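One structure below.
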Amino acid sequence: MAESVMDKYKVPPGLRPLLEAFARETLRAQPNDLFQFGQLFFDVLQHHKMQNPTIDVITDPLSYDMFRTELHHKYKTQQATVNSRPSSPQDLAATKIQAAFRGHVVRKHPEKFGIDAVSLDRRRSNDRLNSMDNRKDLKRHSVGGYSLETTMTSPEDRAATKIQAEIRGFLTRKKVENLKKENNEAATKIQAHIRGYLTRKHLEEEGLLSPSRSLMTLLIKLLLFIRSLMGTFLSVKILLCSVVFWKKMSYSSSWVTIILLILLP
Numbered sequence: 031m032a033e034s035v036m037d038k039y040k041v042p043p044g045l046r047p048l049l050e051a052f053a054r055e056t057l058r059a060q061p062n063d064l065f066q067f068g069q070l071f072f073d074v075l076q077h078h079k080m081q082n083p084t085i086d087v088i089t090d091p092l093s094y095d096m097f098r099t100e101l102h103h104k105y106k107t108q109q110a111t112v113n114s115r116p117s118s119p120q121d122l123a124a125t126k127i128q129a130a131f132r133g134h135v136v137r138k139h140p141e142k143f144g145i146d147a148v149s150l151d152r153r154r155s156n157d158r159l160n161s162m163d164n165r166k167d168l169k170r171h172s173v174g175g176y177s178l179e180t181t182m183t184s185p186e187d188r189a190a191t192k193i194q195a196e197i198r199g200f201l202t203r204k205k206v207e208n209l210k211k212e213n214n215e216a217a218t219k220i221q222a223h224i225r226g227y228l229t230r231k232h233l234e235e236e237g238l239l240s241p242s243r244s245l246m247t248l249l250i251k252l253l254l255f256i257r258s259l260m261g262t263f264l265s266v267k268i269l270l271c272s273v274v275f276w277k278k279m280s281y282s283s284s285w286v287t288i289i290l291l292i293l294l295p
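Just add 30 to wherever you are in the sequence shown, counting from 1, and you've got the working numbering.
This is the structure:
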């Protein structure tokens with residue numbers, strides 16, 4: 031009778047390690063909702079089983095470690111969503127470490143996860159080439175000798191780098207504005223001198239620019255002195271010479287009239 035009962039109710043293979051794993055992870059997670067955690071447990075287990083159909087996730091140490099890591103990560107994420115509480119920096123760091131470890135395991139044993147080693151090597155080579163191109167771009171776009179290729183170990187480092195970049199940009203723009211202002215002032219002075227020179231040149235050519243008072247006073251005194259010493263004939267000769275001189279100098283006719291009044295008796 032006992033043998034017939036045992037034959038009728040056989041324990042399925044794998045049930046004992048499965049229940050032990052569920053009990054172990056339940057004790058480790060200490061969930062408030064056991065049914066919700068059980069559903070998550072079997073969903074994640076089924077997902078890993080479908081990814082690696084030839085491997086027993088429960089009995090294989092490496093596969094079980096990856097399953098356990100993902101299970102507790104998803105459970106923590108689920109709890110954080112329910113409680114509306116963002117993940118702490120420690121949780122984020124742990125997630126990154128776990129993801130890096132899982133990636134390392136997959137790269138080291140790709141055949142266990144049904145991944146072709148050749149395609150994986152090709153993908154890694156492409157990633158390295160893209161990383162090198164990014165470094166070149168960062169070096170090419172460095173500002174003031176400061177390369178943008180820095181190791182950001184914390185949000186504080188990234189914030190400090192942004193602040194430094196803003197300050198360097200502000201100082202550079204300020205320096206450029208001052209240089210532009212100085213150049214504009216110098217150009218304005220040069221243009222003013224050139225315009226003044228061209229204006230005087232034009233007035234001289236048109237006969238509209240009068241000689242200086244000191245020069246005219248000296249010439250008038252000289253002509254009066256010559257008139258007092260010379261006769262009328264010499265005065266006329268001097269008059270003609272003066273008229274020719276003044277015409278060559280392109281002075282106005284008013285000064286010629288003054289000279290005539292001085293020299294004529």
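Glycine included, C-beta positions come from ideal geometry on N, C-alpha and C. None of these values were measured; they are calculated from a predicted model.
Between the segment 119–135 and the segment 67–80 there are fewer than three C-beta pairs closer than 8 Å, too few to call the two in contact. Between the beta-carbon of T107 and that of P47 there is about 26 Å, and that puts the pair past the 8 Å contact cut.
Excluding sequence positions up to five before and after T84, its CB lies less than 6 Å from no other CB in the same chain.
Secondary structure of K210 (DSSP, three-state): helix. Under the DSSP assignment, E50 falls in the alpha helix (DSSP H) whose first and last residues are L45 to A59. Counting along the chain, no alpha helix (DSSP H) covers K40, and no H or E run does either. Residue environment: Y227 is assigned as exposed (fewer than 16 neighbouring CB atoms within 10 Å of its CB, all protein chains considered).
Taking a C-beta distance under 9 Å as the contact criterion, G44 and D73 do not qualify as a contact pair. Residue environment: L209 is assigned as exposed (fewer than 16 neighbouring CB atoms within 10 Å of its CB, all protein chains considered).
In summary, F71 is buried, with 16 or more beta-carbon neighbours lying within 10 Å of its beta-carbon over all protein chains present. E196 and I220 have their C-alpha atoms some 36 Å from each other. For A51, the number of other beta carbons within 10 angstroms of its own is at least 16, and it is reported as buried. The beta-carbon separation of V135 and L92, rounded to 6 Å, stays under the 8 Å limit for a contact. Take the alpha-carbon of R58 and the one of F131: they are about 21 Å apart. A direct Cα-Cα distance of roughly 59 Å separates N214 from A129. Of the other Cβ atoms in all chains shown, fewer than 16 fall within 10 Å of the Cβ of E212; this residue is therefore exposed. Per the coordinates, the alpha-carbon of F65 lies some 21 Å from the alpha-carbon of Y94. A residue is called buried once 16 or more other Cβ atoms fall within 10 Å of its Cβ, and F200, having fewer, is exposed. The C-beta distance from E55 to L101 rounds to 6 Å, short enough to fall under 8 Å. With 16 or more other Cβ atoms inside 10 Å of its own Cβ, Y105 counts as buried.
For V135, the uninterrupted alpha helix (DSSP H) run begins and ends at P119 to K138, by DSSP. Of P185, N82 and A189, the smallest CA-CA separation from H139 is found for N82. Taking C-alpha positions only, R188 is separated from Q194 by approximately 10 Å. Here DSSP, grouped into helix, strand and coil, assigns D90 to coil. Here DSSP, grouped into helix, strand and coil, assigns P185 to helix.
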